[in-house]
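Those protein sequence lines, which keep their order, are chains L and U. As numbered in the numbering used here, residues 4 to 209 make up the first sequence, in order. As numbered in the numbering used here, residues 4 to 209 make up the second sequence, in order. Where is the CB? At the ideal position from N, CA and C, for every residue including glycine. See below for the structure under consideration.
2 protein chains.
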Amino acid sequence: MGKVTLLRKKPLPPGRPKAFDPDKALDAALRVFWEKGYEGASLAALTDAMGINKPSLYATFGDKAELFRKVADHYIRTRTGFIAEALAEPSAREAVKRLLIETAEALTNPRNPRGCLLVQGALACGDESDCIKKELAMRRETGELLLGERLLRAQREGELPASVDAKALASYYMTLMRGMSVESSAGATRRELQNVVELAMNAWPS
Amino acid sequence: MGKVTLLRKKPLPPGRPKAFDPDKALDAALRVFWEKGYEGASLAALTDAMGINKPSLYATFGDKAELFRKVADHYIRTRTGFIAEALAEPSAREAVKRLLIETAEALTNPRNPRGCLLVQGALACGDESDCIKKELAMRRETGELLLGERLLRAQREGELPASVDAKALASYYMTLMRGMSVESSAGATRRELQNVVELAMNAWPS
DNA sequence: TGATTTTTGTACCAATCGGTACGGAACACA
DNA sequence: TGTGTTCCGTACCGATTGGTACAAAAATCA
């Protein structure tokens, strides 16, 4: 009879165990980058919020740029789920309206920093942060592609006239969402953003 | 007969004359802040672009924050004149359309950095730059007030129905302009911004 | 218990940050 | 030719930046 190796969920590697939860630390780092942007977030502020010291940070997450990338992944994974949910609405018009409304809610969620990490994380920065800036632009574009696909589908299904430019319509709503992010970062209230959403929906092709 | 003192345009103060043109230097500083934002612009990059050294900078413009304020004034004075011009159109609808179109042009002017200084100058930053962030938000708001006044006038003149919320409409278009600024900063073409403008005008109250 | 492996805290690194002291250079005026 | 005044260039300041070396600590395994 061979020895039976129990499958343990966590094989518990040898060596001293971590004294912190990497996921909690990542979320703490997210808040700092969210509030201060990539350049404005110093390692001191990060380690302070994460409750760890620099060697632990580097061993677990890599350097500042790698940490930011992991934070951006974490942000998309945990804070932007409402986008795909909204786009799953049966009607494209309702999908877009719900997308905008929930964006207004997310941008003014009192439990989170103001604005959108993907917009204000690195909009203008020094040369050495240029790669982060480009990365955020690419990540923002995937959202626009998602919306564009949804509108093309609406066109195939006949909800949207074939005469409208679906890509341009997606670009329009995404541009508005980024403007809402700027407003929110400057302190706009949920009510103000909701008013903007209502007016923006008037541009929906009839 | 008393001695006649000639009124000279420039009294030529005593002491060694400046070896640079403060206005040219201010414009060079503007480009740096415009591209890199307030925090991303180091004094080294600024003095390098301005062609002067730090003591001259401090003697002429004050510290970094004061320099940025003077740069913001310079920006508004020399780069945002089209706003008041557009709003002077006799028809409010034409005024807004022209405002958006010329914004798209200004944001993609190849002779200037991308985006809007008032948006990307300090959208998210470290604590010590928070006052700059608030200042930019206030400066942006004056533009919104200008547009709001123009729309209220249109309401008084009967061009805009009394039922619409003029402030909210101004907020909507300003939000869109800020979104356009973000897009432009990420490399959007003039054509793409023009498409957005066209769709945005569909939201004009009928 | 001892050997191995990994994490932790401290203390440090060179580079850069924003900002300034100071001596000499360049002008107007006498 | 002074003399007063302003500006320029260098060289420097303390603080902070992102990033690391190193040894003690804490766990597993034998």
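Inset, instruction - Check each candidate in L:Val167, L:Thr83, L:Ala107 and name the one with the smallest Cα separation from Ser188 (chain L). - result: Against the first sequence, residue 188 (chain L) aligns to sequence position 185. Nearest of L:Val167, L:Thr83, L:Ala107 to Ser188 (chain L), Cα basis: L:Ala107.
Legend entry - Min CB distance Glu175 (chain U) to chain L below 8 Å: Translated into positions along the second sequence, residue 175 (chain U) becomes position 172. Note that residue 175 (chain U) is Tyr in the sequence shown here, rather than Glu. Closer than 8 Å to some Cβ of chain L, the Cβ of Tyr175 (chain U) qualifies, so yes.
Inset, instruction - Taking the CB atoms as reference points, tell me whether Leu163 (chain L) and Arg143 (chain L) lie closer together than 8 Å. - result: Your numbering for residue 163 (chain L) matches position 160 in the first sequence. Your numbering for residue 143 (chain L) matches position 140 in the first sequence. It is not a contact, given that the beta carbons lie outside the stated cut-off.
Inset, instruction - Determine the closest residue to Tyr175 (chain L) out of L:Leu150, L:Arg193, L:Asn198, with distance taken between C-alpha atoms. - result: Taking the first sequence and counting its residues from 1, one reaches residue 175 (chain L) at position 172. That would be L:Leu150, whose Cα lies nearest to the Cα of Tyr175 (chain L).
Inset, instruction - With DSSP as the reference, label Ser45 (chain L) as helix, strand or coil. - result: Within the first sequence, residue 45 (chain L) is the residue found at index 42, counting from 1. Looking at Ser45 (chain L) - three-state DSSP - the assignment turns out to be coil, as it is neither helix nor strand.
Legend entry - Neighbourhood of Met180 (chain L) by C-beta, 6 Å cutoff - its chain only, sequence neighbours within 5 removed: As a first step, residue 180 (chain L) must be located in the first sequence, where it is residue number 177. Around Met180 (chain L): Thr106.
Inset, instruction - Tell me whether Ala140 (chain U) is buried or exposed, calling it buried when 16 or more other Cβ atoms sit within 10 Å of its Cβ. - result: Here residue 140 (chain U) corresponds to residue number 137 of the second sequence, with the count starting at 1. Per the 10 Å Cβ criterion, buried.
Legend entry - Residue-level contact to chain L via CB, Lys6 (chain U), 8 Å cutoff: For this step, residue 6 (chain U) is matched to residue 3 along the second sequence. Residue placement at Lys6 (chain U) is flagged as unreliable, the pLDDT there being 37, under the threshold of 50; the coordinate-derived value follows with that caveat. Lys6 (chain U) does not count as touching chain L.
Inset, instruction - Would you mind sorting Ser209 (chain U) into buried or exposed? The rule is 16 or more other CB atoms within 10 Å of its CB. - result: Along the second sequence, read from residue 1 onward, the residue named residue 209 (chain U) stands at position 206. When all chains shown are included, Ser209 (chain U) counts as exposed.
Inset, instruction - Measure from the alpha carbon of Ala109 (chain L) to the alpha carbon of each residue in L:Ala95, L:Arg82, L:Thr50, L:Lys100, then state which is nearest. - result: Against the first sequence, residue 109 (chain L) aligns to sequence position 106. Comparing Cα positions, the closest option is L:Arg82.
Legend entry - Neighbour flag for Gln225 (chain U) against chain L, beta carbons, 8 Å: Here chain U covers residues 4 to 209 and nothing more, so residue 225 (chain U) does not appear.
Legend entry - First and last residue of the uninterrupted alpha helix (DSSP H) at Leu110 (chain L): Counting from one through the first sequence, the residue named residue 110 (chain L) turns up at place 107. Here the alpha helix (DSSP H) through Leu110 (chain L) covers 95-110.
Legend entry - Ala22 (chain L) versus Ala68 (chain L) - alpha carbon distance: As a first step, residue 22 (chain L) must be located in the first sequence, where it is residue number 19. As a first step, residue 68 (chain L) must be located in the first sequence, where it is residue number 65. Approximately 23 Å between the Cα atoms of the pair.
Inset, instruction - Determine whether the Cβ of Arg181 (chain L) lies closer than 8 Å to any Cβ atom of chain U. - result: The residue given as residue 181 (chain L) occupies position 178 in the first sequence. Interface residue, yes.
Inset, instruction - Determine the closest residue to Val74 (chain U) out of U:Pro93, U:Pro20, U:Trp37, U:Arg159, with distance taken between C-alpha atoms. - result: As a working mapping, residue 74 (chain U) is identified with position 71 in the second sequence. Of U:Pro93, U:Pro20, U:Trp37, U:Arg159, the residue nearest in Cα terms is U:Trp37.
Legend entry - Of the listed residues U:Leu196, U:Ala31, U:Ala203, nearest to Arg114 (chain U) (C-alpha basis): Translated into the one-based positions of the second sequence, residue 114 (chain U) becomes position 111. Here the closest residue by C-alpha is U:Ala31.
Inset, instruction - Can you have a look at Lys39 (chain U) and say buried or exposed, based on whether 16 or more other CB atoms are within 10 angstroms of its CB? - result: The residue given as residue 39 (chain U) occupies position 36 in the second sequence. Per the 10 Å Cβ criterion, buried.
Legend entry - Between the CA atoms of Asp51 (chain U) and Gly43 (chain U) - distance to the nearest angstrom: Locating residue 43 (chain U) in the second sequence gives position 40, counting from the first residue. Locating residue 51 (chain U) in the second sequence gives position 48, counting from the first residue. Cα to Cα, Gly43 (chain U) sits roughly 14 Å from Asp51 (chain U).
Legend entry - Check whether Met177 (chain U) and Glu147 (chain U) have beta carbons under 8 Å apart: As a working note, residue 177 (chain U) is residue 174 in the second sequence. As a working note, residue 147 (chain U) is residue 144 in the second sequence. Yes. Within cutoff.
Inset, instruction - Step through the CB atoms of chain L and report whether any lies within less than 8 Å of the CB of Ala109 (chain U). - result: As a working mapping, residue 109 (chain U) is identified with position 106 in the second sequence. Answer no: the Cβ-Cβ gap between Ala109 (chain U) and chain L never drops below 8 Å.
Inset, instruction - From the DSSP output, in three-state form, read off Glu195 (chain L) for me. - result: Stepping through the first sequence from its first residue, residue 195 (chain L) is reached at position 192. Helix, per DSSP.
Legend entry - Contact set for Ala203 (chain U): own chain, Cβ-Cβ below 6 Å, skip 5 residues either direction: In the second sequence, counting from the first residue as 1, residue 203 (chain U) sits at position 200. Hits under 6 Å: Leu179.
Inset, instruction - Give a yes or no on whether 8 Å exceeds the smallest Cβ distance from Asn56 (chain L) to chain U. - result: The count along the first sequence starts at 1 and reaches residue 56 (chain L) at position 53. False, the Cβ-Cβ gap to chain U never drops below 8 Å.
Legend entry - Rounded C-alpha distance that separates Arg19 (chain L) from Ala28 (chain L): Sequence index remark: in the first sequence, residue 19 (chain L) carries index 16 (1-based). Sequence index remark: in the first sequence, residue 28 (chain L) carries index 25 (1-based). If I take the Cα positions, the gap works out to 18 Å.
Legend entry - Supposed close pair Tyr78 (chain L), Leu33 (chain L) - CB separation, criterion 8 Å: Along the first sequence, one-based indexing puts residue 78 (chain L) at 75. Along the first sequence, one-based indexing puts residue 33 (chain L) at 30. 6 Å between Cβ atoms; contact.
Inset, instruction - Taking C-beta pairs closer than 8 Å, name the residues in chain U that Asp168 (chain L) reaches, listed in chain order. - result: Here residue 168 (chain L) is taken as the residue at index 165 of the first sequence, counted from 1. What Asp168 (chain L) touches in chain U: Asn198.
Inset, instruction - Please decide whether Leu46 (chain U) counts as near chain L, where near means a Cβ-Cβ distance under 8 Å. - result: To locate residue 46 (chain U), count along the second sequence from 1; it is residue 43. So no, Leu46 (chain U) is outside the interface.
Legend entry - Proximity test, Cβ basis, 8 Å: Ala32 (chain U) and chain L: Working through the second sequence from its first residue, we reach residue 32 (chain U) at position 29. No, its Cβ sits nowhere closer than 8 Å to a Cβ of chain L.
Legend entry - Candidates L:Leu70, L:Lys57, L:Pro58, of which the one nearest Asp26 (chain L) by Cα: Counting from 1 along the first sequence, the entry for residue 26 (chain L) is found at position 23. It is L:Leu70.
Legend entry - Buried/exposed call for Tyr165 (chain U), threshold 16 Cβ in 10 Å: As a position in the second sequence, residue 165 (chain U) is number 162, starting the count at 1. Per the sequence shown, the amino acid found at residue 165 (chain U) is Ala instead of Tyr. Label assigned to Ala165 (chain U): exposed.
Legend entry - Pick from L:Asp66, L:Val199, L:Glu186, L:Ala171 that is closest to Thr192 (chain U), judged by C-alpha positions: Sequence index remark: in the second sequence, residue 192 (chain U) carries index 189 (1-based). Of the listed residues, the one whose Cα sits closest to Thr192 (chain U) is L:Ala171.
Legend entry - Counted within 10 angstroms of its Cβ, other Cβ atoms place Glu186 (chain U) as buried (16 or more) or exposed: The sequence position of residue 186 (chain U) within the second sequence is 183, counting from 1. The residue is buried, with at least 16 neighbouring Cβ atoms inside 10 Å.
Inset, instruction - Would you decide whether Arg80 (chain L) is buried or exposed? Buried here means 16 or more other CB atoms lie within 10 Å of its CB. - result: Within the first sequence, numbered from 1, the residue matching residue 80 (chain L) stands at position 77. Flag for Arg80 (chain L) reads exposed.
Legend entry - Listed by chain order, chain L residues near Glu162 (chain U) by CB distance under 9 Å: Taking the first residue of the second sequence as position 1, residue 162 (chain U) is located at position 159. By Cβ distance, chain L contributes nothing, its closest Cβ being about 17 Å from Glu162 (chain U), past 9 Å.
Inset, instruction - Could you spell out the range, first to last residue, of the alpha helix (DSSP H) harbouring Gly151 (chain L)? - result: Translated into positions along the first sequence, residue 151 (chain L) becomes position 148. 133-159 is the extent of the alpha helix (DSSP H) around Gly151 (chain L).
Inset, instruction - Measure the Cβ-Cβ separation of Leu126 (chain U) and Leu60 (chain L) and say whether it is below 8 Å. - result: Against the second sequence, residue 126 (chain U) aligns to sequence position 123. Against the first sequence, residue 60 (chain L) aligns to sequence position 57. Contact flag unset, no.
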